[in-house]
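Residue numbers (the working numbering): 113 to 483.
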């Protein structure tokens, strides 16, 4: 049995190595538009990995990851907008009556600062929220409601402060980064490879974490928090760190998303996008990490395809997927695959045992005849 498991693991690694190679070769066979779409899906998969870390392994369902995603997106958009505006203030600030740049926009003139803040602000917000909620043992549906409230507060703030954030229109109107046009073929390919590399690194980092003592304690807290606490561990600290890392990954995804799409607005950080993010993980299979990647890519690709053919049909698909996953696929696509693979493996083992038994009977009967 261990040998079979090792063989299966080796086969799985080979399959994913082939998939990674094919992903690296995608720019050779894809159009610029489709490659940009694929890069956008991969950026969203980074967020899905972080969400799976806190939900699948920590047992904490967050419906507020749209906020962390939006904060990262706004950080990158602010940098790009300032580069495009030059010495002048952004156009929407002038339309709103501002005569100078707000002080908190100043650090975003510099790419290293924007990159750092795009990761640090979502991580810090998640850390603070997790610290106060998990320390007070607020979990389950109550935590989920709090994250929804966070989304409502953030969207209301970003829409209301139009002179700072661009209001409902968000921040757009930038075309270049480091002097390279965002929508040129070379920049699209470079951004695709950068996104793919960050996705792989994020997956390996989270995989290493869940396979470590940290991941074991996190899973144990998910299954029995009081028992973990009685064993001398602090489940609140583990959940808080996992939630902070999840927020950081969402912020990184938001920055990459802005580079691919060229716009960020409050609608992209609302409740509906946050629910869709949960659906990515649920469809792929929570508690697997790779399932989060599969769900994010497949569902967003389906959304794009269906929206192109039937613009109003996507909402029906989302509703149908919710029902299907809850009723028939509670463990997602990866769970279905594992069930089928397990049945085939057990059937193979049963056939092997039966063949060996029949072989012993034949040789046993021959021995009796000889005597």
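Think of the CB as a built atom: it goes at the ideal place given N, C-alpha and C, for glycine as much as any other residue. The model shown is predicted, which means the values in this text are computed figures rather than measured ones.
Neighbourhood of residue i by C-beta distance below 6 Å, restricted to the same chain and skipping five residues each side
| i | result |
| --- | --- |
| residue 229 | 187 |
| residue 164 | 393, 398, 401 and 404 |
| residue 371 | 303 |
| residue 118 | The pLDDT assigned to residue 118 is 39, lower than 50, so where the model puts this residue is not dependable, and the model offers no usable value. |
| residue 120 | Because residue 120 sits at a pLDDT of 46, beneath the cut-off of 50, its placement in the model cannot be relied upon, and the point is left open. |
| residue 124 | none |
| residue 278 | 204 |
| residue 385 | 178 |
| residue 491 | Outside the displayed range of the chain (113 to 483) lies residue 491, so it cannot be described from this structure. |
| residue 292 | 299 |
Cβ shell of residue i (< 7 Å), same chain only, five flanking positions each side left out
| i | result |
| --- | --- |
| residue 482 | Because the pLDDT at residue 482 is just 46, under 50, the model does not fix this residue reliably, and the point stays unresolved. |
| residue 201 | 210, 212 and 213 |
| residue 116 | Reliability of the predicted coordinates at residue 116 is poor, the pLDDT of 36 falling under 50, and no value is obtained from them. |
| residue 350 | 326, 329, 330 and 333 |
| residue 114 | Only weak support exists for where residue 114 lies, its pLDDT of 35 falling under 50; the value from the coordinates is given anyway. Same-chain partners within the cutoff: there are none. |
| residue 419 | 426 |
| residue 341 | 347 |
| residue 255 | 172 and 245 |
| residue 271 | 279, 280 and 378 |
| residue 318 | 161, 165 and 401 |
| residue 122 | none |
Presumed contact (8 Å Cβ cut-off) between residue i and residue j, rounded CB distance
| i | j | result |
| --- | --- | --- |
| residue 154 | residue 311 | 5 Å |
| residue 174 | residue 259 | 5 Å |
| residue 223 | residue 365 | Their Cβ separation, rounded to whole angstroms, is 18 Å, which puts residue 223 and residue 365 out of contact at 8 Å. |
| residue 160 | residue 413 | The Cβ separation is near 13 Å, so there is no contact. |
| residue 232 | residue 381 | That pair is no contact at about 17 Å. |
| residue 446 | residue 406 | 7 Å |
Extent of the continuous alpha helix (DSSP H) run through residue i
| i | result |
| --- | --- |
| residue 400 | Unbroken run through residue 400: none, as it is neither H nor E. |
| residue 273 | Taken as a continuous stretch (DSSP letters only), residue 273 belongs to no alpha helix (DSSP H), as it is neither H nor E. |
| residue 305 | 297-322 |
| residue 346 | Taken as a continuous stretch (DSSP letters only), residue 346 belongs to no alpha helix (DSSP H), as it is neither H nor E. |
| residue 158 | 144-164 |
| residue 331 | 325-335 |
| residue 436 | 426-440 |
| residue 195 | 177-197 |
| residue 245 | 223-247 |
| residue 167 | First-last for residue 167: undefined, no H or E at that position. |
| residue 138 | 138-141 |
| residue 207 | 203-207 |
Beta-carbon proximity of residue i to residue j, cut-off 8 Å
| i | j | result |
| --- | --- | --- |
| residue 283 | residue 348 | no |
| residue 307 | residue 138 | no |
| residue 280 | residue 214 | no |
| residue 367 | residue 178 | no |
| residue 262 | residue 359 | no |
| residue 149 | residue 436 | no |
| residue 361 | residue 162 | yes |
| residue 391 | residue 448 | no |
| residue 489 | residue 309 | With the chain covering 113 to 483 only, the question about residue 489 has no answer from this structure. |
| residue 363 | residue 234 | yes |
| residue 440 | residue 185 | no |
| residue 411 | residue 444 | no |
| residue 264 | residue 374 | no |
| residue 274 | residue 196 | no |
Residue i CB to nearest heavy atom of the ligand FMN below 7 Å
| i | result |
| --- | --- |
| residue 180 | The ligand FMN is not among the ligands present in this structure, which contains no ligands whatsoever. |
Beta-carbon proximity list for residue i, same chain, < 8 Å, skipping 5 on both sides
| i | result |
| --- | --- |
| residue 220 | 187, 190, 191, 194, 226 and 229 |
| residue 142 | 150 |
| residue 218 | none |
| residue 466 | none |
| residue 198 | none |
_Stretch pair the segment 199-216 + the segment 243-261: three plus CB contacts closer than 8 Å_ = no
Check whether the segment 165-177 touches the segment 351-360, counting contact only when three or more Cβ pairs, one atom from each stretch, lie closer than 8 Å. yes
Three or more C-beta pairs closer than 8 Å, one from the segment 318-330 and one from the segment 289-308: is that the case here?
no
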